[in-house]
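Written out below as structure tokens is the structure these notes cover.
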Amino acid sequence: MEITQKDFGESTILYSLTNNNGITLCVSNLGARIVDLIVSVAGEKRNIVLGFDSAKEYIEKDLYIGATVGRVAGRIIKGQFTVNDKKYQLPVDPLNGNTLHGGAKSFESRLWKSRTEETEERISVIFTYESPDQEHGFPGNLKAEVMYSLTNEDEWIIDYQATTDQPTIYNPTNHVYFNLTGDVTKTVDQHSLFIDADRFAVVDEMTSVTGELRDVTDTPFDFRNNTSIEQVFKTNYKQNVMVDGLDHPFLLNQTGFEKPQAIVTSPKSDVSIEMYTDRPVVVVFTAQFGENSPEMRGTKMVSHGGIALETQVSPGAGVFDGFGDISLYPDRPFHSRTVYKIKRSL
Ligand code: G6D
């Protein structure tokens, strides 16, 4: 196993981690993000995640792609929350009145401190960021750490840790998008998807959760049997039409590392990603960028050209019953793990 590093532009670093099976994971300290996941499938190299070639391109085109998202992933309705009986108001997006992904220019745009670590089992890059009290309106000096590891079992492991010096809220995720064909001119509609979830959270026109948790049975959101993603895109189901695909929290039936909660498989079934997490929810977003789909690695990306599996506590936590709790207290440090395991034909 080997770690190398190079300049990624704009004073940022790109680390390349390669395991003994030839899988390469590239990550950058700009937004503690994943940039590349290169695997050889049936003898050919494929980059199976969306990403750009330089830090400058991320800054100019889309800072969320592959980034660590925080302090709170997803939409905080009206930018309001309560923790420890105290009410807080965050700055909101004037277009919709909500706070998305911790507010504009949050974790995804920061330069994180970084260091590498190598053990018998894994090679890792550890990113840290100190978010000061009141940054984007959130209380507490928050020390956030994200460790990305690559193992010889072909796992990309994300370990999140954080501490705060005042009661606050915290709900990070990673915004990786997979396209297992390695071809961003192809939509992910022919990929198949398994999600071990009996329920999803209904969203409104602004993609904020409404508080309703709906059974997936008899809806195109039933992925309990491995099914083509196309089943969502093709329907007139209101939850699809309103947001042009999937942009929904799925409530996982089980958590942990014994069996996957989600699996994405390429159209030819030659590569798949198994997702394991200790978080209760995966927000699935199918990259409906429409006309704004960016140029990526030399070609124009197509709308629906990727699928993000964002593990977290559901947006709406602390507001609606059954949506969980994202409070973080000084005496209870945060720790969470998500694993993406690569399976492929050699
Ligand atoms: C998220 O749910 C949101 C989307 O609505 C948003 O457009 C994207 O991040 C950037 O997953």
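The sequence shown begins at 357 in this note's numbering and counts up by one.
Glycine residues also receive a C-beta, built at the ideal position from the N, C-alpha and C atoms.
Note that the structure is predicted; figures quoted are calculated from it, not measured.
Query, Result
"Closer than 6 Å by C-beta to T694: which residues in its own chain qualify, once you throw out the five before and the five after it? Chain order, please.", "I514, T633, T667"
"Do Q517 and G496 have their C-beta atoms within less than 7 Å of each other?", "no"
"Is D603 near ligand 1, going by C-beta to nearest heavy atom under 6 Å?", "yes"
"Where are the beta strand (DSSP E) runs, 3 residues long or more, that stay fully inside the stretch 599-651, in chain order?", "603-608, 618-621, 627-633, 637-641"
"Can we count T484 as close to ligand 1, meaning its CB is less than 6 Å from some heavy atom?", "no"
"Who does M503 pair with in a DSSP beta bridge?", "I482, D515"
"Check the C-beta distance from I482 over to S470 and give it rounded, since I have them as a contact under 8 Å.", "7 Å"
"Compare the beta carbon distance of L607 and A553 with 7 Å and say whether it is the shorter of the two.", "yes"
"Going by CA-CA distance only, name the one from K362, K594, G672, V502 that's closest to T424.", "V502"
"Quick check on DSSP: helix, strand or coil for K401?", "strand"
"So the candidates are R688, F641, L446, T541; which of them puts its Cα closest to the Cα of Q490?", "L446"
"Under the DSSP definition of a beta bridge, which residues are partnered with Q668?", "V637"
"Could you tell me the boundaries of the alpha helix (DSSP H) in which Q587 lies?", "586-589"
"Pull the bridge partners of N527 from the DSSP assignment, please.", "V428"
"Under 7 Å, do V639 and I629 count as touching if we go by C-beta distance?", "no"
"Any heavy atom of ligand 1 closer than 6 Å to the CB of F641?", "yes"
"Residue ranges of each beta strand (DSSP E) run of no fewer than 3 residues wholly in the stretch 365-426, ordered along the chain?", "368-374, 380-384, 389-397, 400-403"
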